[in-house]
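The numbering of the sequence shown is UniProt numbering, which starts it at 1 and goes up by one. Heads up, the beta-carbon is just placed ideally off N, CA and C, and yes, glycines get one too. Worksheet: one structure, shown below.
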Amino acid sequence: MKILRKNSWLTVVVSLGLPLIILEIWVNCYLFNYVSYTNSKNMDPQMAYFAARNDWELVVLGSSEVKWGIDPSQIEQSMAAKGVKFSGFNLGFDGFNENFYLSILPSLKLPHRLPKLKVVLVGINLVEEKQILPQSFNEGFPCDGILQRAVLKSDFAKDYDLEHLCNSTDWTQPLVKEAEKISAIVRYRRSLRTLLLSYQDSRELIGEISNGLKQYPNGFHAHKSAKDNWASFEEDYHRFLAEKKTQPQNFRLMKSDAWSKLLEKGGFFEGWADYFLDYNILPVFFALPTNPLMIDDRHRREDYQRNSQLMTQWAKQHQVVYLDLGICDRYDDYIDYSDHRHLSEIGAIRYSRELGTALAGNTKVVQALSHSSSSRDKLN
Numbered sequence: 001m002k003i004l005r006k007n008s009w010l011t012v013v014v015s016l017g018l019p020l021i022i023l024e025i026w027v028n029c030y031l032f033n034y035v036s037y038t039n040s041k042n043m044d045p046q047m048a049y050f051a052a053r054n055d056w057e058l059v060v061l062g063s064s065e066v067k068w069g070i071d072p073s074q075i076e077q078s079m080a081a082k083g084v085k086f087s088g089f090n091l092g093f094d095g096f097n098e099n100f101y102l103s104i105l106p107s108l109k110l111p112h113r114l115p116k117l118k119v120v121l122v123g124i125n126l127v128e129e130k131q132i133l134p135q136s137f138n139e140g141f142p143c144d145g146i147l148q149r150a151v152l153k154s155d156f157a158k159d160y161d162l163e164h165l166c167n168s169t170d171w172t173q174p175l176v177k178e179a180e181k182i183s184a185i186v187r188y189r190r191s192l193r194t195l196l197l198s199y200q201d202s203r204e205l206i207g208e209i210s211n212g213l214k215q216y217p218n219g220f221h222a223h224k225s226a227k228d229n230w231a232s233f234e235e236d237y238h239r240f241l242a243e244k245k246t247q248p249q250n251f252r253l254m255k256s257d258a259w260s261k262l263l264e265k266g267g268f269f270e271g272w273a274d275y276f277l278d279y280n281i282l283p284v285f286f287a288l289p290t291n292p293l294m295i296d297d298r299h300r301r302e303d304y305q306r307n308s309q310l311m312t313q314w315a316k317q318h319q320v321v322y323l324d325l326g327i328c329d330r331y332d333d334y335i336d337y338s339d340h341r342h343l344s345e346i347g348a349i350r351y352s353r354e355l356g357t358a359l360a361g362n363t364k365v366v367q368a369l370s371h372s373s374s375s376r377d378k379l380n
């Protein structure tokens, strides 16, 4: 104490510095126990599970149809029958269809985060059009969707190098980024402000989905069957049908050449395939089990069949895998499905088992997952 009295400058440094150090430690360890890390209560547990391990060997990518519909544990069981053991994770994001996911893919750096990654499953909706989106907000990335905007404005987006998609860049950014590297207070200042002032706009935080059941440690998010959540199912379905007035183009046949353009050299699907093949990771594309109600209401059963045939031909030419288990007419609309688009927990387990069986019967997939995790030699 005598030293502090004699050196008033030291007293000031300690009195100011100690609280800052304590705050830095608290922010690093506890901030996201009180504030959403992703700005989505549905994604927070998923990303916590994902970040807790770096030994995932199979990852499933895609939209909410993936997140709600694929249980990696069922795939693991099917592959175990072939003597192949691995750990799989469902990294499907609500609101991030194939267009958005392709844009965030390079920044996620999955091959670097997951040194044991061998196979990536990519869920493809065959009855919706695709396009390559701009790579930044300044280039015109469409940051107007409620789900995408909230997530891409979060600290998750900052940690995963995604914030350039929904935030403009200026000359001060390099200076701020340097400060963010050394200070959690600076880096997570938005979340600190939210902790103090709460969310200023209801659109800043995505709440829990009403028909959700459970988030599993492998990323799978189980949901109720339509019959167990009938009011929500009808409300969602009527909202979907109302889109006929605002988006009539989504309720008629796709342009006959729409999908073939996506498969051109340097096109949409080649971007997906090349990204993983460059890291000697096997990309496996699979047709999503979209509710037949949606396919028929959009008059796109013919599109589904044509686009699936094109995907089959393209996959053979590019040495990748494509799987289509067919339109799920064999499933019950109100038991196996949760709404007009997504599988319920019952349907997800059923479909994941079928997908696992198909994967176990594919020699390329078995070879890739059997490969030594110590290196990523070229897969043939």
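Here lysine 214 is bridged, per DSSP, to Ala222.
If you look at phenylalanine 141, you'll find it isn't in any alpha helix (DSSP H); DSSP assigns it neither H nor E.
Boundaries cannot be given for glycine 92, as no beta strand (DSSP E) includes it and DSSP labels it neither H nor E.
Taken through DSSP and simplified to helix, strand or coil, leucine 108 comes out as helix. DSSP, reduced to helix, strand and coil, places valine 321 within a strand of the structure shown. With fewer than 16 other beta carbons inside 10 angstroms of its own, arginine 203 counts as exposed. Secondary structure in the region 26–88: the alpha helix (DSSP H) runs of 4 residues or longer, each lying completely within the stretch, are 44–51, 64–69, 72–80 in chain order. Taking C-beta separations shorter than 6 Å and ignoring five residues to either side along the sequence, the partners of histidine 164 in its chain run Ser136, following chain order. For leucine 253, the three-state secondary structure derived from DSSP is coil. Residue environment: aspartate 278 is assigned as exposed (fewer than 16 neighbouring CB atoms within 10 Å of its CB, all protein chains considered). Contact annotation: the region 281–294 touches the region 117–137, with at least three C-beta pairs closer than 8 Å. With distances taken between CA atoms, serine 40 lies nearest to Arg149 out of Tyr322, His371, Arg149.
When the beta-carbon positions are compared, tyrosine 304 and threonine 312 stay at least 8 Å from each other. Straight-line spacing of the CA atoms in arginine 300 and aspartate 324 works out to 16 Å.
In the DSSP assignment, leucine 282 is bridged to Val119. By the Cβ neighbour-count rule, asparagine 291 is buried, with 16 or more other Cβ atoms within 10 Å of its own.
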